[in-house]
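Structure first, commentary second.
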Ligand SMILES: Cc1ncc(COP(=O)(O)O)c(C=O)c1O
């Protein structure tokens with residue numbers, strides 16, 4: 001069975017490689033066009049595309065001169081792939097607990113974490129809820145520390161009318177399967193700071209690797225399969241299949257096994273392929289529709305969950321979130337995770353632990369249990385429901401009925 005899949009796969013890759021070689025030259029500028037279109041949408045001057053979002057963060061940290069002995073502050077409710085670049089440059093992550101409504105950094109705890117070694121504050125807009133940017137920028141400016149925004153989950157979210165990603169010295173974005181839009185995997189740095197842009201450009205010229213043809217082709221095939229087969233009712237089965245294939249090295253997984261420890265893989269610092277660039281360009285054209293759809297889904301979930309007796313988040317008026325997934329607390333998260341695939345419900349598990357996923361060896365990332373109690377509670381209780389363009393009111397109804405069957409936390 002495995003051999004048959006492997007040979008079929010190889011045959012497919014050879015065909016796509018030929019087509020790719022032909023189209024590659026024609027579209028060598030696809031990445032550039034994607035960068036320009038994305039920068040234009042955000043309203044900033046510079047954008048640099050990468051193989052993944054974590055690579056984008058690495059480029060920012062290197063270009064800001066973050067290194068051995070430095071500290072980077074971030075919320076203790078994140079993905080370990082976000083922490084890896086900090087460790088790769090030799091810095092220490094310093095975790096701030098979150099507040100329980102938006103799941104973002106609790107700004108009342110931020111200042112006490114700042115030391116003479118703090119080099120960057122990472123403002124992660126969790127699930128798409130904007131961070132308290134006024135307070136963060138005020139503290140950061142008083143201490144002369146640059147703020148970098150993690151916009152991997154927050155495309156189109158606004159704080160006091162201004163787009164997330166335009167507050168700090170730079171922002172980075174992810175285009176992985178579960179993100180606001182996807183190029184399979186992919187990432188971007190955006191900045192309005194000419195000096196930083198020059199440094200990133202220089203770093204890329206010196207060190208950026210070109211994605212191997214085989215990986216780019218495989219990813220192109222995966223994008224086609226994703227478009228054809230992955231819908232809310234099929235997501236659970238597709239995820240199981242995807243993980244099975246990833247373990248056997250038959251597909252491009254979101255993370256390689258070696259990325260679950262803080263040692264930088266040799267091929268980490270990689271640029272974006274033209275196939276990803278073309279896919280991204282198509283997605284930027286539909287970005288406003290995507291945002292409108294997510295806002296509509298959020299309103300539907302708010303409504304259904306209120307009717308079901310849940311307290312929906314009371315977000316200040318000056319925050320305009322665009323949710324990548326709709327977070328909701330349940331009585332028994334493990335039961336929900338176990339039951340959802342059988343009920344054909346697309347249920348997300350972010351974040352399973354303060355440095356998602358649950359397999360993360362947290363001690364290697366300087367996290368000790370009890371450091372962020374509010375985040376740890378959220379990890380035990382929060383699951384999330386989809387808001388992406390393939391969802392509709394019926395997806396939301398099924399999701400909320402499922403959540404009701406699990407129950408509210410006491
Ligand atoms: C909040 C957050 N930031 C950054 C990343 C890294 O993005 P990527 O998978 O594109 O490297 C993730 C990963 O899922 C994430 O959840």
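Residue numbers (the numbering used here): 1 to 410. Cβ atoms here follow ideal geometry from the backbone N, Cα and C, with glycine treated the same way. These numbers were taken from a predicted model, which means no experiment stands behind them.
**Request:** Can you check the segment 86 to 172 for any beta strand (DSSP E) of at least 3 residues that lies completely inside it and give the ranges in chain order?
**Result:** 92 to 96, 118 to 124, 147 to 150
**Asked** Do you know how far the Cα of residue 347 is from the Cα of residue 341?
**Response** Roughly 8 Å between the two C-alpha positions.
**Asked** Closer than 7 Å: is that where the CB of residue 81 sits relative to any heavy atom of ligand 1?
**Response** yes
**Prompt:** Between the segment 46 to 64 and the segment 190 to 204, do at least 3 Cβ pairs fall closer than 8 Å?
**Reply:** yes
**Prompt:** Taking C-alpha atoms, which residue in 182, 386, 88 lies nearest to residue 232?
**Reply:** 386
**Asked** Could you give the distance in angstroms between the alpha-carbon of residue 215 and the alpha-carbon of residue 184?
**Response** Distance between the alpha carbons of residue 215 and residue 184 is about 11 Å.
**Message:** I need the straight-line Cα distance from residue 67 to residue 306, nearest angstrom please.
**Reply:** 47 Å
**Item:** beta-carbon residue 379 near ligand 1 non-hydrogen atom, thresh 7 Å
**Value:** no
**Message:** Less than 6 Å between C-beta atoms, sequence neighbours within five positions excluded: which residues of the same chain meet that for residue 23?
**Reply:** Summary for residue 23: the model assigns pLDDT 49, below 50, so the residue's position carries little reliability; its value from the coordinates is reported in the next sentence. There are no such residues.
**Residues that DSSP places opposite residue 271 in a beta bridge** = Partner(s): 50.
**Message:** Is any non-hydrogen atom of ligand 1 found closer than 7 Å to the C-beta of residue 164, if you look at the structure I gave you?
**Reply:** no
**Message:** Does the segment 188 to 197 come into contact with the segment 151 to 169, if we say contact requires no fewer than three beta-carbon pairs (one atom in each stretch) closer than 8 Å?
**Reply:** yes
**Request:** Would you please state the rounded distance, in angstroms, between the beta carbons of residue 83 and residue 93? I believe it to be under 8 Å.
**Result:** 5 Å
**Message:** If I follow the unbroken beta strand (DSSP E) through residue 264, where does it start and stop?
**Reply:** From DSSP, residue 264 is part of no beta strand (DSSP E); its letter is neither H nor E.
**Message:** Are there any heavy atoms of ligand 2 lying less than 7 Å away from the beta-carbon of residue 342, as far as the coordinates show?
**Reply:** Ligands displayed in this structure: ligand 1; ligand 2 is not among them.
**Request:** Determine the extent of the alpha helix (DSSP H) in which residue 224 is found, giving its start and end residues.
**Result:** Residue range 213 to 229 is occupied by the alpha helix (DSSP H) that includes residue 224.
**Message:** Report the CB separation of residue 136 from residue 163 in whole angstroms; it is logged as a contact under 8 Å.
**Reply:** The pair is not a contact, with the Cβ atoms about 16 Å apart (cut-off 8 Å).
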